[in-house]
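Protein chains: 2
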Amino acid sequence: MTGPTDTPSSAGAGAATAADEAMMRRALGLAELAATLGEVPVGAVVYRTADGTVLGEGFNRRETDNDPLGHAELIALSAAARAVGDWRLNDCTLVVTLEPCAMCAGAVVNARVGRLVFGARDPKAGACGSLMRLTEDARLNHRVTPVEGVLADACGDLLRTFFRSLRSGTGGV
Amino acid sequence: MTGPTDTPSSAGAGAATAADEAMMRRALGLAELAATLGEVPVGAVVYRTADGTVLGEGFNRRETDNDPLGHAELIALSAAARAVGDWRLNDCTLVVTLEPCAMCAGAVVNARVGRLVFGARDPKAGACGSLMRLTEDARLNHRVTPVEGVLADACGDLLRTFFRSLRSGTGGV
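First to last, the protein sequences are chains W and P.
To get the working numbering, take the position in the first sequence, counting from 1, and add 449.
To get the working numbering, take the position in the second sequence, counting from 1, and add 449.
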């Protein structure tokens, strides 16, 4: 973090911080791990917004674990809650390479996640701007406006490469 | 199951079966267990639709486990997926005492749950008829029309009694 405008605490609701970008690079590394297992490459990190401490991380493990809940976000959120001993994550930022689906966006609301940052959009299932805006629904008891597009090209390229290799039958990346 | 009209396989999309009611009574028992832990009393069961085999069950454990994902439905779905060794639960019915929230409704879609049955509506957070109809969204890659109102009075009474005792400071039911 190189200056006051780069720290999470000084950022506006819609601004990505240097910490967000650093965590997105970490999430991209996790997504690459997922790809080596033949999983759709999505990675997620939960960090304490004030000081950048990583509290939880995860990557998509649905096929490996045969678990419909095996999305990167849920794994990272559950780990973070265990780490802090509280299901309320208001002081935390969730960074994920792909726009969360309805399940994961609902988990963001339930966990009262303070900030949500994602990379690429998911036009087929994204619930944070593409198909709906679940985390901004005024009727729910917690709201968070997502910061989107952080390292979006790298996040999207990883997914495109993965699906291209699936179609060509060469396996994961 | 006393006759052909009571079996799941012969039921229409909107009809509750005798098996659904039996499973709802089981889910109510799980919800009562949650209340004894001071948890909001919600219980859930996943059973194989064809033969009524219970594959997973759960009750709300959010406070006990400090887990934002600790809803009855997610616990039951995860257990069922482990039991069958597959994240796809098309052949299964999820029975839950309270209308699922967005997170749990999203999980129903992701797990491709074949049938969804719930008891009482949740006007504050319900995503299967109250605030939205997530499991019926034509843009998502799986849809299920909920069967609602099964033992709704008993399901709702359990919640009302719990919240009344909380307000009066006498703890769980």
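Cβ coordinates follow ideal geometry from the N, Cα and C atoms, glycine included.
Quick caveat, the model's predicted, so the values are computed rather than measured.
1) Excluding the 5 residues flanking Cys553/P on each side, which residues of the same chain have their C-beta closer than 7 Å to its C-beta?
2) Can you tell which of Gly578/P, Pro572/P and Val566/P has the C-alpha that lies nearest to the C-alpha of Leu600/P?
3) Per DSSP, what are the beta-bridge partners of Arg497/P in this structure?
4) Considering only residues of the stretch 509–573 of chain W, which uninterrupted alpha helix (DSSP H) runs meet the minimum length of 4 residues and lie entirely inside it, listed in chain order?
5) Determine, using beta carbons only, whether Val558/P comes closer than 8 Å to chain W.
6) Between Leu583/W and chain P, is any beta-carbon pair separated by less than 8 Å?
7) In its own chain, which residues sit with a C-beta less than 8 Å from the C-beta of Cys550/W, not counting the 5 before and 5 after it?
8) At a CB-CB cut-off below 8 Å, which residues of chain W make contact with Asn509/P?
9) Give me the subset of the stretch 483–511 of chain P whose CB atoms are less than 8 Å from a CB atom of chain W, sorted by chain position.
10) Using the Cα positions of Cys604/W and Ala493/W, report the straight-line distance between them to the nearest angstrom.
11) Please name the residues in the stretch 544–555 of chain P whose beta-carbon is closer than 8 Å to at least one beta-carbon of chain W, in chain order.
12) Distance, Cα to Cα, Leu607/W vs Asn509/W?
13) Tell me whether Gly505/W sits in a helix, a strand or coil according to DSSP, three-state version.
14) Quick check on this structure: which residue in Leu526/P, Arg588/P and Arg475/P has the alpha carbon closest to the alpha carbon of Ala556/P?
15) Which term fits Asn590/W, buried or exposed, when burial requires 16 or more other beta carbons within 10 angstroms of its beta carbon?
16) Which residue's Cα is closest to the Cα of Arg588/P: Gly568/W, Thr584/W and Ser579/W?
17) Give the single residue among Ala464/P, Val495/P and Gly487/P whose Cα lies nearest to the Cα of Thr546/P.
18) Pull up the distance between the alpha-carbon of Trp536/P and that of Gly505/W, whole angstroms please.
19) Straight-line CA distance for Val503/P to Ala529/P?
20) Could you say which of Leu482/W, Ala499/W and Val533/W lies nearest to Thr513/W if we only look at CA atoms?
21) Out of curiosity, what's the CA-to-CA distance linking Gly507/W and Asp516/P?
22) If you measure between the beta carbons of Ala569/P and Leu538/P, is that distance less than 8 Å?
23) Could you give the distance in angstroms between the alpha-carbon of Gly478/P and the alpha-carbon of Ala468/P?
The relevant details are as follows:
1) His520, Glu522 and Leu523
2) Val566/P
3) DSSP output for Arg497/P lists Cys541/P as bridge partner(s).
4) DSSP runs (the alpha helix (DSSP H)) wholly in the stretch 509–573 of chain W: 511–514, 521–533 and 551–559.
5) yes
6) yes
7) His520, Asp571, Ala574, Gly575 and Ala576
8) Correct list: empty, because the minimum Cβ distance to chain W is about 11 Å.
9) Arg511
10) 11 Å
11) Cys550, Ala551, Met552, Cys553, Ala554 and Gly555
12) Leu607/W and Asn509/W: Cα-Cα distance of roughly 13 Å.
13) strand
14) Leu526/P
15) exposed
16) Ser579/W
17) Val495/P
18) 23 Å
19) 8 Å
20) Leu482/W
21) 16 Å
22) No, the pair does not count as a contact, with Cβ atoms beyond the cut-off.
23) 15 Å
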